[in-house]
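Report on the following structure.
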Amino acid sequence: MDQHQHPSVLLETSVKANESLLKILKYPRSAHFLMKHVVGPMLIDHTPKWANTSRTAVLKLGAGYVDYRALEAIRWCLVAAQKGYVAGLDAFKTGKPIAWTDWMIPCDIVRAFGYDVYCPTTAFAASAAQGPDGGARYSAITEEAGVSDVLCSVDKAGLGSYLAGDLPHPSLVVNGTHPCDSARMQCMVLEYHTPDVPTFTMDTPYGRSDYELDRWVKSAWELIDFIEKNTGRNLDWAKLEESARYVHRYTVAINEAAELHRANPAPPLMGMLNLLWRTRLTEAGREELAISAEKIRDATHWYVEQNARKKAPKDKLRVLFGDQGVVWTDFQAWMYKHYGARVVADYIGRAYYPPVDFSSKESIIKTLVIEKLYLSMIRQSHGTMELNIGETESLMEEYAVDCVLFNNNAGCKHNLALKKILSDTCSRAGIPALFMDLDIVDNRYLSEREIQARIANFFTTYGLA
Amino acid sequence: MRSIGIDIGSRYVKAVAVSNGGDKGFGCVPIRGDMKASVKKAICEAAAAVPSSLFEKTKYRMTGTGHAGKTLYPFSSPSQCLARSAFEFAPNGGIIIDAGAMVIEGIILSHKGKIIDTGKNERCSAGGGRFIEIMAKALGVEFSQIDSLFEKSSNPYAITSGCIVFAESEIVTQVNAGKKLEDIVAGMITLIAGKAATVCDILTEKEERPVFLSGGLSKFKTLQKEFERLSGVKCGKLSVDPIFTSAYGAALIARDGK
Amino acid sequence: MDIRDKIITTASTLENEYVKTFRSKGGKVFAGVCTFTPAEVIHAAGALPLRIRGTGSKATDKAEVYYSPTHCSFARHTLNQGLSGHFSFCDGIIFVSSCDHARRLYDNWGYTDSPPSVRYMMTVPHVGNEQAVIKYAEDLRRLAAFVGEQTGKTVTADSLHSSIKAYNEQRRLIGKLYEMRKRPHPAVKGTTMLYLWQTLTAIPVEEGNAILKELIETVDQNPDPMPEGAVRLFLASTHLEDPERMAAVESGRALIVNDTSCFGNGHFSAEVSEEGDPFLALAQRTLLRPSCPNIVDGFRKRLDNVEALAKEWNCDGIVFDHLQFCTIGDAEAYIYRQEFTKKNIPYISLQHELYGGGAGQVKTRMEAFTEQIANIKRNNA
Amino acid sequence: MIYLGCDVGSLTAKAALYDSEKNQLIDTMLIPVLATARASSDKVITALLEKNSLTASRITGTCSTGYGRFECSLPSSEKSEISCHGLGAFWSNPKVRTIIDIGGQDSKAMAVDEIGMVVNFVMNDKCAAGTGRVLEVLAAAIDCSLPEMANAALKGKGKVSISNRCSVFMEQDVLLLQRAGHSKKEISFAINEAVADRVKGLAKVVGIKREVAISGGVSKNPAIVRGLERKLGCSFVKLNHDPQLMGAIGAALFAARTAEGK
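Keeping their order, the protein sequence lines are chains A, B, C and D. So the numbering used here is basically just the index in the first sequence, starting at one, shifted up by 212. So the numbering used here is basically just the index in the second sequence, starting at one, shifted up by 28. So the numbering used here is basically just the index in the third sequence, starting at one, shifted up by 8. So the numbering used here is basically just the index in the fourth sequence, starting at one, shifted up by 1.
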């Protein structure tokens with residue numbers, strides 16, 4: 213199916229948007245200057261018409277509040293992301309084989325078979341290149357097709373991008389059964405629509421007991437076996453090992469950068485870690501991503517040292533994002549501008565990844581696939597409440613936060629069912645928490661104005677600002 | 029010295045004037061067209077009962093969710109105003125549950141008047157006052173009849189639809205099917221009281237604190253009773269009309285302020 | 009008393025007469041959340057397995073402190089019942105990680121420390137292949153060890169084998185009843201079946217089998233009444249437990265003759281092999297047959313199964329009725345619509361709350377659906 | 002022969018008289034509903050018969066539909082409103098194959114075959130946000146009648162939108178937009194867009210087959226009609242009778258078909 217009726221709006225716009233960003237970030241110092249003194253002040257509070265599609269990107273890049281060193285690091289991340297989008301677009305246009313993977317699937321392994329990898333789910337983020345209502349547009353396509361409006365909008369956007377005809381046809385599909393109904397159902401519906409494609413499903417474990425992890429690791433070997441049998445391709449071990457080294461470099465750097473955010477004042481780079489996370493879902497094992505992570509770590513170090521030398525004042529208000537970040541906008545710059553509130557840790561950006569063990573082929577595979585279970589959003593949706601309580605408690609303590617903001621994403625059933633438990637967890641620690649009831653992908657739920665009103669109300673109500 | 033609190037809701041502007049001596053004045057005006065005019069009118073009504081000399085400056089504070097970004101006076105969040113009001117009734121801390129038109133909100137206060145926790149009901153289950161309004165209209169029942177109808181009911185009908193429009197159709201069907209009016213009214217009160225009780229349960233650390241029910245809905249005595257039955261708490265009595273709780277809190281904040 | 013009345017009475021409450029008798033003799037009752045909790049394992053440990061349902065629940069306000077109103081009403085009603093102490097007659101409760109709504113039941117139940125205090129979380133696979141079978145067998149072994157510890161009766165291969173035999177007999181008997189629904193005048197309608205499922209999943213298997221035998225004899229002579237010009241329908245469903253809902257679906261000329269409801273055929277179909285490792289046999293049976301939509305890679309099996317059964321039972325259309333806010337039900341309903349539209353098989357998808365509401369709506373839809381079927385049939389003729 | 006169709010809905014009760022020999026509609030009647038379905042059907046039938054100086058004995062057959070169909074005062078057969086709306090619209094314009102109906106409590110999309118029989122349909126199950134009732138509530142929120150709102154909406158340019166999809170919160174959005182100083186026409190436009198958006202999904206699921214018609218009370222609202230046409234990328238054909246009466250007309254036709262064995 214290499215003949216498409218329409219161009220892939222999703223991929224074309226993503227590639228174009230990334231292209232422009234890369235052009236701008238080629239000169240990180242001037243990009244920083246521009247954002248800090250010209251664009252940032254115009255965009256933080258308002259959405260002028262001309263900036264409708266680009267505003268989110270500016271906000272995500274810190275709107276002038278992050279140093280050029282971090283922008284330079286992000287450029288590398290965008291180079292990696294761009295490779296993924298270009299591969300997707302290429303496959304869309306030419307019919308070149310591409311594999312679909314779900315986001316906890318070890319895409320590094322699939323790529324070591326010589327496949328380019330595309331993850332349909334990532335439409336939730338890619339659609340932001342079409343403006344703040346890009347996600348809503350794809351969600352609406354899914355709803356109109358009659359799938360459901362109770363799915364998580366992340367998956368609605370993914371399905372929508374397929375139903376809109378924006379995705380390259382896969383020649384191999386590797387699904388996961390991430391313990392989130394919605395993600396699983398997205399895989400199932402896509403599998404229904406691509407009946408002739410060899411499809412392998414890795415059953416993601418619910419708990420972390422030995423036998424469950426053992427099964428997870430075994431399923432990676434079954435995956436390798438499956439790909440070999442069904443495509444005639446062989447795993448390039450040298451390539452896999454090279455990828456694993458990049459993954460490892462990334463891991464070490466990111467772990468350190470996340471830890472450094474405990475400093476008070478904290479470096480303002482938590483949002484950047486969030487961007488890296490999104491890219492690593494599909495581009496894990498690329499050198500550019502490892503470089504990006506290392507540069508982010510260096511920038512974090514620079515911040516910490518700089519702050520210490522200048523005896524910078526402590527953070528006014530340290531915020532923890534307790535769940536997934538909003539995709540279609542960003543209000544970190546707004547919070548900082550008006551309340552001096554700094555996001556010091558977030559559920560997505562902050563992570564601790566176990567290192568890769570290079571002692572044997574087996575150990576590489578094992579650590580690579582177990583590492584995927586520590587990915588943000590995969591990590592927190594597993595297991596019983598103790599996992600979530602534990603993570604929230606330790607983040608509140610270790611990062612010395614003053615309050616917690618939960619987006620409470622509309623379609624996230626497993627998180628919504630923990631609302632009371634997490635709210636009590638924060639109360640026990642004496643830390644105020646706000647549950648915003650918004651949708652992270654679909655801006656039809658709660659507008660930016662309403663979100664800001666809720667945050668402002670929360671800050672003043674609890675005397676935080 | 030006179031201080032005036034203004035609460036802009038979805039339908040009405042409520043204003044409360046207080047003097048340092050403890051005099052109070054109230055004004056409640058429906059919002060028609062120009063909001064500014066309605067605000068002015070409500071302020072006049074409230075101020076009339078609390079005269080002030082020409083040389084004294086009146087302090088203002090505004091709150092509410094219906095202002096659409098047009099804050100004519102310094103603004104305090106609705107939760108803050110409710111909390112301030114509750115602190116006046118419960119100087120040793122307490123819980124205030126405010127049943128508004130769309131949302132039921134709860135706040136716990138510490139003995140110093142600090143907000144410990146807040147909670148509210150959610151989508152697909154929203155609609156406090158507006159719910160009762162639409163239902164009552166569909167049933168052709170006056171607000172004043174609701175309490176007595178509730179008392180007459182022996183077998184309350186359990187409304188299952190959370191969505192207002194579907195609930196409306198559900199009760200119309202039930203009336204047509206011969207269900208007694210009082211049983212449906214009782215079901216409706218129980219439903220809203222249950223939502224308020226849920227909000228009360230959402231709050232943490234609520235042991236041993238007095239509970240107050242505020243907002244227009246708490247005017248229904250039976251709703252308060254049902255709420256007490258479902259949540260197992262006893263409600264305290266507010267010293268102002270429950271629809272003015274927020275505005276009163278705003279006035280107190282204005283008075284306390286510099 | 010007509011056996012049907014007995015079934016209805018037994019089904020009308022969770023703590024039925026059989027449960028009371030069983031307990032008065034010192035027996036332990038273990039409740040389980042969905043069809044992934046194997047009754048055999050609990051039975052082999054000497055306890056009475058009881059399938060959790062929301063029977064008797066009138067409100068969800070207590071549960072909505074923990075769940076949002078956009079969670080499925082099965083989770084909300086059962087948690088509400090749990091919080092109100094309605095499960096305190098059970099000695100233990102087993103939760104499964106089947107779907108988000110269900111798995112958080114374990115968390116919220118435990119967090120509120122609602123009775124019973126013995127609670128177990130069983131993990132289940134979400135794919136249906138041989139490897140998953142091996143893993144699920146291990147899940148079952150762990151469950152058996154847990155329940156055995158609670159009852160003081162270790163589950164052995166032998167005891168499990170004999171439990172499997174008893175439940176296989178139940179499956180064969182209920183299979184017989186389903187066969188009798190193939191008749192031009194089906195022996196039982198869907199509503200009766202619903203009461204039967206609820207009875208069988210809440211009483212000792214031996215007594216259940218006795219009831220089944222009696223019912224088979226009764227309905228053989230004296231079948232359920234059938235509406236004039238009945239339209240035979242197949243019910244595909246996830247969780248459906250409200251008899252009034254089933255009656256509403258069967259209103260007018262609609263008549264349910266077979267189903268894949270996870271309380272009905274989706275629970276009772278396919279016997280367990282009585283050979284070899286019993287845990288493996290149980291796991292194989294649960295995962296490899298056309299199963300619940302939680303098994304994501306099994307949709308093709310499910311679609312083919314529904315189509316084949318509908319054909320074999322001579323159905324004119326397929327009804328998919330699932331709980332509102334059920335994520336997996338929604339996706340499954342979409343796939344069914346695509347598939348059956350492609351194949352020109354009349355199909356309707358409905359949504360319901362666990363209890364109450366929407367009877368008028370569903371009647372209108374079912375009436376229109378039966379009219380639609382008549383139109384299509386006439387056009388085809 | 003004269004046949005009677007009666008359609009008791011949640012907001013209005015309708016009746017139609019049909020002459021099968023001339024294949025013509027004799028007369029129709031529409032009243033707001035009374036306290037019970039029985040009373041509504043009684044009243045609308047009696048009034049229609051009186052107006053045409055007919056007695057019940059002249060009626061060869063009756064068919065009733067709508068939520069109150071089991072309460073009809075004359076002995077009658079019953080048909081679902083979906084079948085009746087389908088047949089009614091088809092009879093009114095035989096080119097029609099898809100009908101979108103926006104009623105008080107529910108909206109639906111139907112596909113009919115070459116003789117006007119419904120072969121597929123979808124109704125809104127879970128959310129009321131795409132119904133006539135919501136339009137009414139929102140119109141009241143901006144102090145407009147429904148026709149006023151529709152006319153105002155036609156002049157709107159789409160400067161604002163209502164993002165919320167729950168009817169309760171839509172009302173709040175509307176109030177806030179109003180207070181933020183947006184004009185009535187812009188708000189009306191936004192309301193109509195929001196409702197049309199919810200209906201569009203139904204039509205897409207059932208599949209659009211030409212020609213398409215819109216029936217039900219809301220079809221008289223030009224703003225919704227144009228909004229839907231734009232969203233679905235097709236234009237609706239005209240029905241030759243009052244689109245609010247399709248249910249009653251369809252019912253009368255069914256009465257005739259049943260009696261005459263067609």
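By construction, the Cβ of each residue, glycine as well, lies at the ideal position given by its N, Cα and C atoms. Predicted model only: the values in this text are computed from it and were never measured.
**Asked** Is there at least one Cβ from chain C nearer than 9 Å to E689(A)'s Cβ?
**Response** With chain A covering 213 to 677 only, the question about residue 689(A) has no answer from this structure.
**Request:** Mind checking the stretch 372-388 of chain C against chain D and listing, in chain order, the residues whose C-beta falls within less than 7 Å of any C-beta there?
**Result:** Listed in sequence order: T372, R373, E375, A376, E379, Q380, N383, I384, N387.
**Message:** Whole angstroms are fine: how far does the CA of V67(B) sit from the CA of G61(B)?
**Reply:** Within the model, the alpha-carbon separation for G61(B) versus V67(B) is close to 11 Å.
**Asked** Quick one, are the C-beta atoms of I436(A) and I577(A) less than 9 Å apart?
**Response** Yes, these two residues count as a Cβ contact at 9 Å.
**Prompt:** Excluding sequence positions up to five away, which residues of its chain have a Cβ less than 6 Å from the Cβ of E25(C)?
**Reply:** none
**Asked** Hey, is the stretch 567-585 of chain A in contact with the stretch 429-447 of chain A, meaning 3+ C-beta pairs nearer than 8 Å?
**Response** yes
**Prompt:** Relative to the C-alpha of F103(B), which residue among M90(B), A221(B), S47(B), D229(B) is closest?
**Reply:** M90(B)
**Prompt:** By how many angstroms is the C-alpha of A224(D) removed from the C-alpha of L155(D)?
**Reply:** 6 Å
**Message:** If I measure Cβ to Cβ from D654(A) and keep anything under 7 Å in the same chain, skipping five residues before and after, which residues do I get?
**Reply:** Excluding the 5 residues flanking it on each side, D654(A) has same chain C-beta neighbours closer than 7 Å at G347, A348, S351, S365, in chain order.
**Request:** Could you check what DSSP says for T335(C) in three-state terms: helix, strand or coil?
**Result:** Three-state DSSP puts T335(C) in a helix.
**Message:** According to DSSP, simplified to helix, strand and coil, what is L658(A)?
**Reply:** coil
**Prompt:** Cα separation between I71(B) and I144(B)?
**Reply:** 32 Å
**Message:** If contacts are defined as beta-carbon pairs under 8 Å, then E517(A) and K205(D) qualify, I think. What distance do you get, rounded to the angstrom?
**Reply:** At roughly 58 Å, the Cβ-Cβ gap does not stay under 8 Å, so E517(A) and K205(D) are not in contact.
**Prompt:** D243(D): which of A16(D), I3(D), L12(D) sits nearest, CA to CA?
**Reply:** That would be A16(D), whose Cα lies nearest to the Cα of D243(D).
**Asked** Whose Cβ in chain B lies nearer than 7 Å to the Cβ of N600(A)?
**Response** In chain order: nothing, as chain B lies at least about 17 Å away.
**Message:** Please identify the residue among L447(A), N620(A), L222(A) whose C-alpha is closest to the C-alpha of L658(A).
**Reply:** Comparing Cα positions, the closest option is N620(A).
**Request:** Below 7 Å between beta carbons is the criterion; list the residues of the stretch 189-208 of chain D that meet it against any residue of chain A, in chain order.
**Result:** From the stretch 189-208 of chain D, only K201, G202, K205, V206 have a Cβ closer than 7 Å to chain A.
**Residue burial classification, F570(A) (beta-carbon count within 10 angstroms, cutoff 16)** = Exposed: under 16 other Cβ atoms inside 10 Å.
**Message:** Using a Cβ-Cβ cutoff of less than 6 Å, which residues in the same chain neighbour I101(C) once the five nearest sequence positions on both sides are dropped?
**Reply:** A39, P124, R127
**Request:** Please name the residue, chosen from T541(A), K631(A), L246(A), that lies closest to N264(A) on a Cα-to-Cα basis.
**Result:** The shortest C-alpha separation from N264(A) is found at T541(A).
**Message:** Just to confirm before moving on: does the CB-CB distance between G134(B) and I230(B) stay below 9 Å?
**Reply:** The answer is yes: Cβ separation under 9 Å.
**Request:** Closer than 7 Å, Cβ to Cβ, to anything on chain B: give me those residues from the stretch 44-68 of chain C, in chain order.
**Result:** The stretch 44-68 of chain C vs chain B, Cβ under 7 Å: K66, A67.
**Item:** Short-range partners of chain A found in the stretch 129-160 of chain B, where Cβ spacing is below 8 Å
**Value:** K142, I143, I144, D145, T146, G147, E150, R151
**Request:** Please name the residue, chosen from H86(D), V123(D), F190(D), that lies closest to L147(D) on a Cα-to-Cα basis.
**Result:** Selected option, being the one with the closest Cα: F190(D).
**Request:** Could you tell me the distance, in whole angstroms, from the CA atom of T259(A) to the CA atom of E179(B)?
**Result:** 54 Å
**Message:** Quick check on the burial criterion: 16 or more other C-beta atoms within 10 angstroms. Buried or exposed for L82(B)?
**Reply:** With fewer than 16 Cβ atoms within 10 Å of its Cβ, L82(B) is classed as exposed.
**Close Cβ partners of D214(A) (< 6 Å) along its chain, the five nearest in sequence each way excluded** = Unreliable positioning characterises D214(A) in this predicted model, as indicated by a pLDDT of 43, which lies under 50. A coordinate reading is not provided.
**Asked** Residues in its own chain within less than 8 Å of D535(A) by CB, not counting five upstream and five downstream?
**Response** Y559, Q592, F618, N619, N620, N621, C624, N627
**Message:** Below 8 Å, is the gap between the Cβ of M188(C) and the nearest heavy atom of the ligand FAD?
**Reply:** Ligands in the displayed structure: none, and consequently the ligand FAD is not present.
**Message:** If I measure Cβ to Cβ from G121(B) and keep anything under 6 Å in the same chain, skipping five residues before and after, which residues do I get?
**Reply:** L137, S138, H139, R237
**Asked** Do the CB positions of C7(D) and T56(D) come within less than 9 Å of each other?
**Response** No.
**Asked** Could you check where the beta strand (DSSP E) with T91(B) kicks off and where it finishes?
**Response** 86-92
**Prompt:** What's the call for N241(D), buried or exposed, on a 16-neighbour Cβ count within 10 Å?
**Reply:** Per the 10 Å Cβ criterion, exposed.
**Within chain A, partners of D338(C) - CB distance below 8 Å** = V359, S360, V362, L363, M397
**Request:** Please name the residues in the stretch 193-207 of chain B whose beta-carbon is closer than 8 Å to at least one beta-carbon of chain D, in chain order.
**Result:** Within the stretch 193-207 of chain B, V193, F194, E196, S197, V200, T201, V203, N204 place their CB atoms closer than 8 Å to a CB of chain D, listed in sequence order.
**Prompt:** Which of the three DSSP states, helix, strand or coil, is assigned to C73(D)?
**Reply:** coil
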